[in-house]
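Numbering (my numbering), first residue to last: 1169 to 1376.
Ideal placement from N, C-alpha and C gives every residue a C-beta, glycine not left out.
Computed from a predicted model, the values in this text were never measured in an experiment.
Take a look at the structure set out below.
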C-alpha cells in the first residue's frame, strides 16, 4: 500500500482458492489491495492434477513468497518423451537442470497438493486476505440492479456452514475452475471446441 495507490474501500473478491485464485489473491494483497478469498471446500483437494511448471511461472511463485518451499518439494525435469502404442518415440525434448535466465530450472516437476499447501498457508497468514473456507457461492448482484457485474460495488452471496453470508467488493474474480459458478452467475459464455478424449492418469511412487 502506498500514497499513489491507496487501498480501495471495498476489497477484491476472489472466488476459488486453487493455484490461480491464491496467486491472484496474494499478488493483489502484496500490492496493498485487500482481498476476500472464498473457497467452497474446507480442505485442499488431495489428488494431483498439474504436474509441471516452467521457470517463468516459478518467478511468479517467488513473487508471492512460496518459491523456496516449492523448490524444496519439487525436482527439475530433464525432458519428455512421447511414445506411441508400439513404444516408438513420436517426439521428445530435453531441459537443463541448471537455473536459466529467469533464475529457476526450465522445467519443474511437482505434486500439486504440495504446492497448494504452500499457497494456502501463505494466503491464510497474509494480513490483507480474509480467507473463508467452506464458502459456497450462491448469488451475485450489484447495487444498481442492472445485472451481474454491471456496476460496483458487487455483492457475492455465499452459504457457509449452512448460514447465508454476503460479501461486498469492488471487483469479483472467478477463479473457480471449469465448472465456474461465477461464470454462470455473471452470464459469461465459454466456447467449447468439442475436443473430448478418454484419459488414464497413473501416479507412481518409485522405490529408491
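Tell me which same chain residues have a C-beta within less than 8 Å of the C-beta of residue i, skipping the five on either side of it?
i, result
"residue 1188", "1343"
"residue 1302", "1207, 1208, 1209, 1210, 1328, 1329"
Suppose the cutoff is 7 Å on Cβ atoms and the five residues either side in sequence are ignored; what does the same chain contact list for residue i look like?
i, result
"residue 1235", "1226, 1229"
"residue 1267", "1273"
"residue 1190", "1287, 1288, 1291"
"residue 1261", "1247, 1248"
"residue 1313", "With a pLDDT of only 49 at residue 1313, under the threshold of 50, the placement of this residue in the model should not be trusted; the figure read from the coordinates follows. Answer for residue 1313: no residue qualifies."
"residue 1360", "none"
"residue 1242", "1276, 1277, 1278"
"residue 1192", "1182, 1341, 1343"
"residue 1294", "1194, 1197"
"residue 1297", "1193, 1197, 1203, 1205, 1291"
"residue 1259", "1250"
Residue i by DSSP, collapsed to three states: which one?
i, result
"residue 1184", "coil"
"residue 1261", "strand"
"residue 1358", "coil"
"residue 1368", "coil"
"residue 1272", "coil"
"residue 1314", "At residue 1314 the pLDDT is 49, less than 50, meaning the model places this residue with poor confidence and gives no usable figure here."
"residue 1241", "helix"
"residue 1375", "coil"
"residue 1175", "Confidence is the limiting factor: at residue 1175 the pLDDT is only 48, short of 50, which leaves the residue's position unreliable, though a coordinate-based value still follows. Residue 1175: coil per DSSP, three-state reduction."
"residue 1252", "coil"
"residue 1189", "helix"
Considering only residues of the same chain and omitting the five flanking positions on each side of residue i, which have a CB-CB separation below 6 Å?
i, result
"residue 1221", "1276"
"residue 1181", "1204, 1324, 1335, 1337, 1340"
"residue 1280", "1216, 1217, 1218"
Terminal residues of the continuous alpha helix (DSSP H) containing residue i?
i, result
"residue 1300", "Counting along the chain, residue 1300 falls outside any alpha helix (DSSP H), though it belongs to the beta strand (DSSP E) covering 1297-1301."
"residue 1283", "1280-1293"
"residue 1353", "1349-1353"
Name the DSSP beta bridge partners of residue i, please?
i, result
"residue 1204", "1181, 1298"
"residue 1221", "1276"
"residue 1331", "1328"
"residue 1304", "1327"
"residue 1247", "1262"
The beta strand (DSSP E) with residue i in it runs from where to where?
i, result
"residue 1213", "Premise fails: residue 1213 is in no beta strand (DSSP E) and is neither H nor E."
"residue 1340", "1339-1342"
Between the stretch 1248-1260 and the stretch 1202-1210, do at least 3 Cβ pairs fall closer than 8 Å? Result no; under three Cβ-Cβ pairs closer than 8 Å.
Is there contact between the stretch 1329-1346 and the stretch 1197-1208, where contact requires at least three CB pairs shorter than 8 Å? yes
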